[in-house]
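Take a look at the structure set out below.
There are 2 protein chains.
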Amino acid sequence: MLVVLTGGTGGAKLVHGLSLEVAAKELVIICNTGDDFVCHGLRVCPDLDTITYTLAGLGDAARGWGIQDDSFVALEWLGKYGGESWFKLGDRDLALHITRTRLLAEAVPLSGITERIRGALGVQATILPMSDDRVETRIVTMEGELSFQEYFVKRHWADEVKKVFFAGAERSRPAPGVLDAIRTAEAVILCPSNPITSIGPILAVPGIREALTKTKSPVAAVSPIIAGAPVSGPAHKLMAGAGFEVSALGVAKAYADFLDKIMIAPEDRALEENIEALGLQALAAPIRMDSLEDKRRVARDVLASLRYM
Amino acid sequence: MLVVLTGGTGGAKLVHGLSLEVAAKELVIICNTGDDFVCHGLRVCPDLDTITYTLAGLGDAARGWGIQDDSFVALEWLGKYGGESWFKLGDRDLALHITRTRLLAEAVPLSGITERIRGALGVQATILPMSDDRVETRIVTMEGELSFQEYFVKRHWADEVKKVFFAGAERSRPAPGVLDAIRTAEAVILCPSNPITSIGPILAVPGIREALTKTKSPVAAVSPIIAGAPVSGPAHKLMAGAGFEVSALGVAKAYADFLDKIMIAPEDRALEENIEALGLQALAAPIRMDSLEDKRRVARDVLASLRYM
Numbered sequence: 008m009l010v011v012l013t014g015g016t017g018g019a020k021l022v023h024g025l026s027l028e029v030a031a032k033e034l035v036i037i038c039n040t041g042d043d044f045v046c047h048g049l050r051v052c053p054d055l056d057t058i059t060y061t062l063a064g065l066g067d068a069a070r071g072w073g074i075q076d077d078s079f080v081a082l083e084w085l086g087k088y089g090g091e092s093w094f095k096l097g098d099r100d101l102a103l104h105i106t107r108t109r110l111l112a113e114a115v116p117l118s119g120i121t122e123r124i125r126g127a128l129g130v131q132a133t134i135l136p137m138s139d140d141r142v143e144t145r146i147v148t149m150e151g152e153l154s155f156q157e158y159f160v161k162r163h164w165a166d167e168v169k170k171v172f173f174a175g176a177e178r179s180r181p182a183p184g185v186l187d188a189i190r191t192a193e194a195v196i197l198c199p200s201n202p203i204t205s206i207g208p209i210l211a212v213p214g215i216r217e218a219l220t221k222t223k224s225p226v227a228a229v230s231p232i233i234a235g236a237p238v239s240g241p242a243h244k245l246m247a248g249a250g251f252e253v254s255a256l257g258v259a260k261a262y263a264d265f266l267d268k269i270m271i272a273p274e275d276r277a278l279e280e281n282i283e284a285l286g287l288q289a290l291a292a293p294i295r296m297d298s299l300e301d302k303r304r305v306a307r308d309v310l311a312s313l314r315y316m
Numbered sequence: 008m009l010v011v012l013t014g015g016t017g018g019a020k021l022v023h024g025l026s027l028e029v030a031a032k033e034l035v036i037i038c039n040t041g042d043d044f045v046c047h048g049l050r051v052c053p054d055l056d057t058i059t060y061t062l063a064g065l066g067d068a069a070r071g072w073g074i075q076d077d078s079f080v081a082l083e084w085l086g087k088y089g090g091e092s093w094f095k096l097g098d099r100d101l102a103l104h105i106t107r108t109r110l111l112a113e114a115v116p117l118s119g120i121t122e123r124i125r126g127a128l129g130v131q132a133t134i135l136p137m138s139d140d141r142v143e144t145r146i147v148t149m150e151g152e153l154s155f156q157e158y159f160v161k162r163h164w165a166d167e168v169k170k171v172f173f174a175g176a177e178r179s180r181p182a183p184g185v186l187d188a189i190r191t192a193e194a195v196i197l198c199p200s201n202p203i204t205s206i207g208p209i210l211a212v213p214g215i216r217e218a219l220t221k222t223k224s225p226v227a228a229v230s231p232i233i234a235g236a237p238v239s240g241p242a243h244k245l246m247a248g249a250g251f252e253v254s255a256l257g258v259a260k261a262y263a264d265f266l267d268k269i270m271i272a273p274e275d276r277a278l279e280e281n282i283e284a285l286g287l288q289a290l291a292a293p294i295r296m297d298s299l300e301d302k303r304r305v306a307r308d309v310l311a312s313l314r315y316m
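Heads up: the sequence lines are chains W and E, in that order.
If you read the first sequence in this note's numbering, its first letter stands for residue 8, the second for the next number, and so on.
If you read the second sequence in this note's numbering, its first letter stands for residue 8, the second for the next number, and so on.
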């Protein structure tokens, strides 16, 4: 069994590659839910949904989220009634948020809902939210405290980040199956997702980081930072705001207590020595994933490093 | 000021006609909400919405509800996730239900939401729900108790009706403006809506029937029954189930305590004497509304009978 910790966009690329290289039944994806938010009164889980749609073959790879070729009729009318329209929810996508909101109101836990959606869309891999409890990533900026989506989508990550915290994390529990999956995994992969706001919330759920430290299986990460810059998104601003060096070394440091290996870009070979000084192995190989073939190759490389074949 | 009590489909035809014969600012429409129900976790108000869409020029006159030329993309996907799809909510229509559900959760009363939607769609007439409190029309059949939508849409009104009641009515209060409108109206019209499940719930809200009895303005109804059969829908089954004769006379009896005039079809001239024995005036004229010109003519006829010009 292969356990994968991931956020949305960047992580979904590697998850896509892994899904084509490993039998679906062996895959357990543990997903960030710190970005979840309420939009038009509906619970939206951007990372869970991106991963689910990706594994269902429905993902809009160009946008990085949502369903490909979706329409936006309801959104246009929500706008007429004064609803916020900065988060672009398509008609197909809305059906998922409506269903989830209804089931949450009926006291079905998020993990149960995720399982139901997965089944309805024919996804074979296991997808677990990090927690059934609400954990909210909050971004403290000069302009005040923002939700992740306000910071990321609405304000285009333009604000300087002073601090990031995860409201509700200390009282949250890992979703059913999360700790067992990490304990019994043959290998664990941390996707090239933002270490602060994608992997960070997962690690903030009490018990998960400890399980990663204790697991006997090898744990590998793929760096989301290449030559001091993120492949996509605001990881650099968030890492700097959280006091981490914006580099593959900074990523390695963020995970040093449980990580065994990190894949870094060839451009970052100079960091190998400092990374290995942390007691973990650095593997330089092309990690940028633009094409489907890139995704499969990076997946194969990280699987090979873990001897998971 | 002209006050109009109405349900959905049948009532919407006359409301449409009236809206073309009377200045919009003079119109106050009091709408049945006994049919309201929750679908996919969203609050749907079929009669309020049909009236609002009709007045906005958006109504799907052929179907009798919803928005013309709507698409059904979200509904198809709600079905994939196991959601019920017997109530056909279009993408444009969904936006209204999503907005209403969000605002209700934010403790905005239904009347406030209705006002906001009206404004957003450019409707000039006043539209009032009968109550901001939840009143639910329940249909008792041999198969058990059904909500109105289950009886009407899902089971195609095939069940024999034993009894109809309005759960929550006794504790409900008229929405703000309803009693004042009836008290100060120059004339009141009861649309040719089902007397049991469209007008019945409005009259079941404590204070409304009394206000109609006390108002000095003339009150006229248009019969929804022609020659012993409803123009549309299950009014005959519901009237019979409630112990009323299925005829224009039965309609007159249902409203006899406050009604001054009733428009009946020429086919029902034989009932005039019995209707007038109830102490109210029967006016025979064509009341079937198939075309827009029919709607306008019936509107003009009922306005003339009330000397409201």
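Quick reminder that beta carbons are idealized off the backbone N, C-alpha and C, glycines included.
All figures in this text were calculated on a predicted structure; none of them were measured in a lab.
- For residue 234 of chain W, the nearest candidate out of W:271, W:289 and W:251 (CA to CA): W:271
- Message: Quick check on residue 208 of chain W: does DSSP put it in helix, strand or coil?
- Response: helix
- In chain order, which alpha helix (DSSP H) runs of at least 4 residues are fully inside the stretch 199-268 of chain W? Annotation note: the stretch 199-268 of chain W contains the following uninterrupted alpha helix (DSSP H) runs of length 4 or greater, listed N- to C-terminal: 206-211, 215-221, 242-248 and 255-262.
- Message: Any beta carbon of chain W sitting closer than 9 Å to that of residue 60 of chain E?
- Response: no
- Query: Leaving out the 5 sequence neighbours to the left and right, which residues in its chain are closer than 7 Å to residue 131 of chain W when beta-carbon positions are compared?
  - Reply: 31 and 32
- Message: Counting only C-beta atoms, is residue 81 of chain W closer than 9 Å to chain E at any point?
- Response: yes
- Label residue 166 of chain W either buried or exposed according to how many other C-beta atoms from any shown protein chain fall within 10 Å of its C-beta, with 16 as the threshold for buried. buried
- Using a Cβ-Cβ cut-off of less than 8 Å, give me the residues of the stretch 27-49 of chain W that come near chain E, in sequence order. 47, 48 and 49
- Item | residue 268 of chain E burial status per 10 Å Cβ neighbour count (16 or more: buried) | buried
- Task: Quick one: list the residues of chain E neighbouring residue 87 of chain W, beta-carbon separation under 8 Å, in chain order.
- Result: 102, 127 and 128
- Is residue 318 of chain W buried or exposed, if buried means 16 or more other CB atoms sit within 10 Å of its CB? Nothing about residue 318 of chain W can be reported from this structure: the residues present for chain W run from 8 to 316 only.
- Within 10 angstroms of its Cβ, does residue 104 of chain W collect 16 or more other Cβ (buried), or is it exposed? buried
- Item | Anticipated Cβ contact below 8 Å, residue 263 of chain W with residue 285 of chain W, distance rounded | 5 Å
- Message: Does chain W have any CB closer than 9 Å to the CB of residue 67 of chain E?
- Response: no
- Message: Quick check: residue 316 of chain E and residue 199 of chain E, are their CB atoms within less than 9 Å of each other?
- Response: no
- Task: Work out the CA separation of residue 208 of chain E and residue 42 of chain E for me, nearest whole Å.
- Result: 9 Å
- Query: So who's on the other strand from residue 181 of chain W, going by DSSP bridges?
  - Reply: W:138
- Message: Starting from residue 86 of chain W, trace the beta strand (DSSP E) in both directions and tell me its first and last residue.
- Response: That residue, residue 86 of chain W, is in no beta strand (DSSP E); its alpha helix (DSSP H) goes 80-87.
- Does the Cβ-Cβ distance between residue 154 of chain W and residue 136 of chain W come in under 9 Å? no
- In or out: residue 93 of chain W buried (at least 16 other Cβ within 10 Å) or exposed? Exposed is the call here.
- Message: Can you confirm whether the stretch 219-227 of chain W touches the stretch 244-256 of chain W when touching is taken to mean that 3 or more C-beta pairs between the two stretches lie within less than 8 Å?
- Response: no
- For residue 213 of chain W and residue 178 of chain W, the rounded distance between their alpha carbons: 8 Å
- Item | Spatial neighbours of residue 279 of chain W in its chain, beta-carbon cut-off 8 Å, leaving aside the 5 residues before and after | 271, 289 and 291
- Message: Rounded to the nearest angstrom, what separates residue 310 of chain W and residue 124 of chain W at their Cα positions?
- Response: 28 Å
- Message: Applying the 10 Å Cβ sphere with the 16-neighbour rule, what's the burial state of residue 230 of chain E?
- Response: buried
- Task: Look at the Cβ atom of residue 96 of chain W, then the Cβ atom of residue 55 of chain W, and state whether they are nearer than 9 Å.
- Result: At the C-beta level, residue 96 of chain W and residue 55 of chain W stay beyond 9 Å of one another.
- With residue 196 of chain W and residue 222 of chain W assumed to form a contact (beta carbons below 8 Å), what rounded beta-carbon distance in angstroms separates them? The pair is not a contact, with the Cβ atoms about 12 Å apart (cut-off 8 Å).
- Message: Which of the three DSSP states is assigned to residue 99 of chain E in this structure?
- Response: Helix.
- Task: Find the residues of chain E that neighbour residue 301 of chain W, judging by a C-beta separation of less than 7 Å, and give them in chain order.
- Result: Those do not exist, as residue 301 of chain W stays about 31 Å from chain E at its closest Cβ, beyond 7 Å.
- Message: Using 9 Å as the threshold, is the C-beta distance between residue 201 of chain E and residue 257 of chain E below it?
- Response: no
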